[in-house]
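Here the sequence shown stands for residues 631 to 909, numbered as in the numbering used here.
All residues carry an ideal CB built from backbone N, CA and C; glycine is no exception.
This report concerns only the one structure given below.
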Amino acid sequence: EAEEVLQIGIERFAQDGDRVAADADLVDLVWRASLAGGRGDLSLRLGDAGLFPAFVESLGLNGALAARLTRMAARPSRLAAELDRAGGPESDDPSEGVIARRLGALPPEEAAALLEEIWMLSGITPVGGRSAGEIAARLVRRSETARAPSLSPDQADAIRAFLTVRAAPRAALEQLGRLAPKAAGLQARLADWARRLDRIEAASAGSAAATFDAPPRGDFAYYDGLVVEVLSDALGPDRPLAAGGRYDGLQARLSGGAGGGSALGGMVRPGRAIAETGR
């Protein structure tokens with residue numbers, strides 16, 4: 631039980647600095663901390679939560695469709711369903727409701743007034759501090775996103791190809807680069823990863839057997855950059871000894887939308903790292 635509960639963590643917040651270097655330093659730190667437990671069956675699993683949105687952007691999709699795919703990134707079953715309906719009709723996403731469609735056909739002031747009338751007739755008291763106008767606008771955005779056109783078969787195949795990339799880090803970067811050679815945003819992130827790997831390989835973590843997974847991870851939903859885990863062969867892929875990554879966007883949301891900040895962190899579970907546990 632203590633193995634699952636006890637964690638030792640670190641977080642780093644800054645307004646400037648080299649994010650690539652900071653990421654590489656975090657990888658090396660969690661790797662060295664994991665090695666301290668004495669296990670000899672450790673490996674690194676690396677990823678980047680920002681690669682999938684960058685790849686989706688390279689496909690030149692309708693804005694609502696791109697937003698829906700990015701939102702589904704952390705929900706593999708829904709993403710798979712979206713790919714399976716490629717070339718088909720508009721989505722029948724249940725988040726698209728009759729009220730949202732009606733609100734979307736009205737000017738913003740009338741939409742807010744209609745929503746307030748619905749609340750009054752239904753005896754609903756809204757909570758959370760949002761105005762009727764804000765809630766109406768949110769419902770309309772969800773409806774527009776849900777009614778976005780589907781992917782073409784070629785676009786679905788491109789995304790499937792992205793989701794299959796799982797290899798040694800340098801090989802994975804090469805595969806991803808070939809999928810969208812003219813996508814500036816994606817290529818820039820991959821160039822950052824080449825620099826990140828240079829620094830990782832020059833440190834203690836450079837001795838680790840490492841894999842780079844391109845598919846988004848639902849258990850790292852608030853991350854928007856580096857994702858790192860230290861795995862043990864004995865414990866299996868679902869029980870990492872250590873994990874962490876970058877979450878700049880979360881810091882911005884918690885600080886009221888102020889941008890520019892850098893945030894990353896990681897943790898180690900000593901109970902899993904110590905070889906004498908025999909587990």
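For the beta strand (DSSP E) containing residue i, list its first residue and its last residue.
i: residue 841; result: 839-843
i: residue 638; result: 638-644
i: residue 874; result: 872-876
i: residue 691; result: No beta strand (DSSP E) holds residue 691; DSSP gives it neither H nor E.
i: residue 865; result: Residue 865 -> no beta strand (DSSP E), and no H or E assigned at all.
What does the alpha-carbon distance come out to for the pair residue i and residue j?
i: residue 867; j: residue 845; result: 15 Å
i: residue 847; j: residue 756; result: 34 Å
i: residue 677; j: residue 851; result: 13 Å
i: residue 809; j: residue 798; result: 17 Å
i: residue 880; j: residue 654; result: 20 Å
i: residue 729; j: residue 646; result: 45 Å
i: residue 718; j: residue 791; result: 20 Å
i: residue 698; j: residue 685; result: 14 Å
i: residue 744; j: residue 760; result: 16 Å
i: residue 784; j: residue 884; result: 39 Å
i: residue 740; j: residue 817; result: 45 Å
i: residue 863; j: residue 707; result: 27 Å
By Cβ distance below 6 Å, which residues in the same chain neighbour residue i in space, the five residues on each side in sequence not counted?
i: residue 781; result: 716
i: residue 807; result: 820
i: residue 786; result: 713, 716
i: residue 793; result: 845
i: residue 903; result: 664, 667, 871
i: residue 869; result: none
i: residue 823; result: 803
i: residue 644; result: 892
i: residue 742; result: 762, 763, 766
i: residue 693; result: none
i: residue 746; result: 762
Quick one: measure Cβ to Cβ for residue i and residue j, integer angstroms, because I've assumed they're closer than 8 Å.
i: residue 855; j: residue 825; result: Contact flag wrong, Cβ pair sits at about 13 Å.
i: residue 838; j: residue 669; result: Between residue 669 and residue 838 the Cβ distance is about 12 Å, and since that is not below 8 Å, they are no contact.
i: residue 898; j: residue 660; result: 6 Å
i: residue 834; j: residue 648; result: Contact doesn't hold; Cβ gap of about 19 Å is too wide.
i: residue 829; j: residue 651; result: 6 Å
Under 8 Å between the Cβ atoms of residue i and residue j?
i: residue 702; j: residue 691; result: no
i: residue 689; j: residue 788; result: yes
i: residue 664; j: residue 832; result: no
i: residue 687; j: residue 815; result: yes
i: residue 901; j: residue 672; result: no
i: residue 779; j: residue 695; result: yes
i: residue 738; j: residue 763; result: yes
CB of residue i to nearest heavy atom of the ligand NAP: below 7 Å?
i: residue 705; result: With respect to the ligand NAP, the structure offers nothing, as it holds no ligand at all.
Check for me: the alpha helix (DSSP H) holding residue i runs from which residue to which?
i: residue 675; result: Residue 675 -> not in any alpha helix (DSSP H); beta strand (DSSP E) instead, spanning 672-678.
i: residue 901; result: 900-903
i: residue 660; result: 649-665
i: residue 752; result: 738-752
i: residue 686; result: 681-688
i: residue 707; result: 706-714
i: residue 622; result: Shown here, the chain extends from 631 to 909; a query on residue 622 therefore has no answer.
i: residue 836; result: Run containing residue 836: none; DSSP gives neither H nor E here.
i: residue 822; result: 814-831
Which residues in the same chain have their Cβ closer than 7 Å to the Cβ of residue i, if we skip the five residues on either side of it in sequence?
i: residue 675; result: 841, 843, 859, 861
i: residue 878; result: 854, 855, 891, 892, 893
i: residue 795; result: 802, 805, 806, 844
i: residue 895; result: 639, 640, 641, 642, 874
i: residue 683; result: 700
i: residue 827; result: 799, 800
i: residue 662; result: 834
i: residue 836; result: 830
i: residue 751; result: none
Only counting the same chain, and skipping five residues up and downstream in sequence, which positions put a Cβ closer than 8 Å to that of residue i?
i: residue 748; result: 729, 754
i: residue 705; result: 848
i: residue 813; result: 684, 685, 687, 688
i: residue 680; result: 819, 854, 855
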